[in-house]
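J.: One structure, as structure tokens, below. Some questions next.
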Amino acid sequence: MVDLSERYDVLVIGGGNAALCAAIAARRDGASVLVLEKADRFWRGGNTRHTRNMRCAHDAATDTLSGPYTEEEFWDDLLRVTGGQTDEALARHMIHESKDVLEWMPRQGVRFQPSLGGTLSLGRTNSFFLGGGRAMLNALYRTAETLGVAIAYEAEVTDLDIQDGMFLSATVTHGGVTHEVRAGAMVAAAGGFESNIEWLKQYWGDAADNFLIRGTSNNRGTILRLLLDKGVQEVGDPTQCHAVAIDARAPKYDGGIITRLDCVVFGIVVNKHAQRFYDEGEDVWPKRYAIWGRLVAGQPDQIAYIVFDAPSLTMFMPSLYPAIEAPSIRALAEKLTLDPVALEKTVGDFNAAVRPGTFDHTILDDCHTEGLIPPKTHWARRIETAPFYAYPVRPGITFTYLGTRVNKQARMLMKDGRPSANMFAAGEIMAGNVLGRGYAAGIGMTIGSVFGRIAGREAAANARN
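According to the numbering used here, the residues represented by the sequence shown are 4 to 468, in order.
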């Protein structure tokens with residue numbers, strides 16, 4: 004039984020990857036550590052439960068990575084997907100630290116497997132967790148518990164006592180009793196506000212009602228709101244987020260990775276008017292899959308359809324739900340309740356514009372369209388072989404980018420620019436420092452692991468001093 008009346012050196016709020024990395028790092032540096040997880044034991048870990056891999060720089064191939072991925076290449080990829088909207092000094096610091104995290108994680112019991120193939124094309128850049136995010140999370144919890152980290156489940160923080168940039172205590176509801184938990188330093192690793200539909204609607208309007216949340220329903224932004232209201236400086240655009248196109252038949256919350264669709268590059272995407280609205284072949288999938296959530300969010304009723312034909316059916320990882328099948332484009336349109344004439348014209352115009360080349364979905368190939376707006380710049384193949392297929396998709400929000408500003412020590416900065424006396428942040432709650440927009444596969448776990456470890460280390464040192 005966890006004693007919430009005890010004063011700990013480090014209090015960690017949150018229960019996912021970033022929180023556990025912080026807790027383990029602080030405990031290994033000699034600090035007494037308490038982790039407060041809002042969820043119960045089964046639902047612990049927030050979005051970490053659904054992850055599969057992390058992106059880390061490394062100088063040579065390993066048993067589970069097919070080649071080197073230098074710091075400079077990682078930076079170039081991040082620069083491209085964010086369009087330059089990133090804190091360069093902080094991002095480069097994260098990238099450098101990721102090299103050590105790649106070796107640190109297995110020492111905490113996390114196991115990697117060879118990367119998956121297919122449309123992901125991540126065999127060289129990303130390390131995949133053996134057993135997925137749940138297995139990775141369980142390993143971190145086992146290590147934390149073995150080290151003596153105290154963990155309280157179903158412990159909801161409802162208020163923070165912060166005076167002049169210094170954390171004093173947290174008001175916590177646990178077991179139907181309200182506690183005042185005191186600690187020498189605090190690490191906030193409680194995620195974003197993607198599950199708070201009313202908060203999302205402040206920026207997106209009624210469109211947010213049609214968003215699906217890929218992860219936990221617990222990420223309502225309570226800790227983020229408390230911190231910002233109590234003088235912590237914010238960072239990030241509140242409309243920016245990690246949002247992918249997921250199967251529209253997914254549940255409102257916690258659909259996870261099995262509702263994501265990787266087939267955009269193999270066909271075309273149309274809205275409810277059967278019109279294309281973006282280049283499906285803009286870039287390789289790991290660098291562009293996370294733009295599609297925002298793109299669909301901008302379409303009427305926040306709904307779109309990925310349309311492709313028989314040769315593409317086995318070339319990607321399918322959704323949990325089967326593709327909608329029909330013997331003709333007209334019949335497919337009727338099943339999707341789209342205008343058959345409009346869809347036939349869209350597919351016909353696309354097919355007429357295709358200039359075939361050597362198809363290879365792992366590179367920027369030479370299969371493209373000409374004279375079509377918007378174009379499809381790579382992987383363009385005629386949609387002409389029955390049966391025809393479609394997936395309905397909606398915006399699937401993974402996490403939001405509005406967060407707390409931090410420095411290289413993961414220390415939160417106050418609105419007047421001063422570093423906090425004893426407050427640190429890691430993971431999604433501060434991801435906006437690195438991700439001003441866009442996303443590259445696995446980088447969320449990099450942010451959580453790197454800054455979690457830094458935050459725990461710095462919080463332990465702060466508490467000792």
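Backbone N, C-alpha and C define an ideal beta-carbon position, used for all residues, glycine too.
Are the CB atoms of Ala188 and Tyr308 nearer to each other than 8 Å?
T.: Taking 8 Å as the Cβ cut-off, Ala188 and Tyr308 do not qualify as a contacting pair.
J.: Should the segment 131–145 be called in touch with the segment 102–112, which here means at least 3 C-beta pairs below 8 Å?
T.: Touching, yes, given that three or more Cβ pairs across the two stretches are closer than 8 Å.
J.: Please report the straight-line C-alpha distance between Phe402 and Val299, rounded to a whole angstrom.
T.: About 16 Å.
J.: For Ala21 and Ser331, what's the separation of their Cα atoms in angstroms?
T.: The straight-line gap from Cα to Cα measures roughly 48 Å.
J.: Is DSSP giving Val74 helix, strand or coil here?
T.: Checking the displayed sequence, the identity of residue 74 turns out to be Glu instead of Val. Helix at Glu74.
J.: Below 7 Å, is the gap between the Cβ of Val238 and the nearest heavy atom of the ligand NAP?
T.: What this structure holds is no ligand at all, so the ligand NAP is not there to describe.
J.: Excluding sequence positions up to five away, which residues of its chain have a Cβ less than 6 Å from the Cβ of Gly126?
T.: Same-chain partners within the cutoff: Ser69 and Ser118.
J.: Express the C-alpha separation of Val184 and Gly178 in angstroms, rounding to a whole number.
T.: So the alpha carbons of these two residues sit roughly 14 Å apart.
J.: What are the partner residues of Leu215, as DSSP defines its beta bridges?
T.: Looking at the DSSP assignment, Leu215 forms a beta bridge with Gly399.
J.: For Ile271, collect the residues of the same chain with a Cβ closer than 8 Å to its Cβ; drop the 5 residues on either side in sequence, then sort them by chain order.
T.: Excluding positions up to five away in sequence, the list reads Arg279, Glu283, Ile309, Val310, Phe311, Thr349, Val350, Phe353, Lys379 and Ile386.
J.: Tell me whether the segment 407–420 and the segment 40–54 touch, counting them as touching only if at least three CB pairs, one residue from each stretch, are closer than 8 Å.
T.: Cβ pair count under 8 Å is below three, so no.
J.: As a quick exercise: from Pro395, Ala64 and Ala192, pick the residue whose alpha carbon is nearest that of Leu227.
T.: Residue Ala192 is the option with its Cα nearest to Leu227.
J.: Leaving out the 5 sequence neighbours to the left and right, which residues in its chain are closer than 6 Å to Leu150 when beta-carbon positions are compared?
T.: Arg30.
J.: Just to confirm, are Gly459 and Ala28 a CB contact at a threshold of 8 Å?
T.: The answer is yes: Cβ separation under 8 Å.
J.: Phe427 to Asp342, Cα distance in whole Å?
T.: Spanning the two alpha carbons is a distance of roughly 53 Å.
J.: On the CB-based measure, 16 or more other CB atoms within 10 Å of its CB, does Met4 come out buried or exposed?
T.: With fewer than 16 Cβ atoms within 10 Å of its Cβ, Met4 is classed as exposed.
J.: Using the three-state DSSP reduction, which class does Ala210 fall into: helix, strand or coil?
T.: Three-state DSSP puts Ala210 in a helix.
J.: Under 8 Å, do Tyr442 and Ala293 count as touching if we go by C-beta distance?
T.: Taking 8 Å as the Cβ cut-off, Tyr442 and Ala293 qualify as a contacting pair.
J.: How many Å lie between Leu405 and Gly194 at the Cα?
T.: One C-alpha to the other measures close to 10 Å.
J.: Scan the segment 387–453 and note each continuous beta strand (DSSP E) run of 3 residues or more that stays entirely inside, going in chain order.
T.: Complete beta strand (DSSP E) runs here, min 3: 391–403, 414–416 and 422–428.
J.: Taking the straight line between their C-alpha atoms, what separation do you get for Leu346 and Ala329?
T.: Each residue's alpha carbon lies about 13 Å from the other.
J.: Which ranges would you report for the alpha helix (DSSP H) in the segment 303–381 if only whole runs of at least 4 residues count?
T.: For the segment 303–381, whole alpha helix (DSSP H) runs of length 4 or above, ordered along the chain, are 332–339 and 343–356.
J.: Report yes if the C-beta distance between Arg248 and Gly301 is below 8 Å; otherwise report no.
T.: The residue you asked about is not Arg; residue 248 is Ala in the sequence shown. No, the Cβ-Cβ distance between Ala248 and Gly301 is not below 8 Å.
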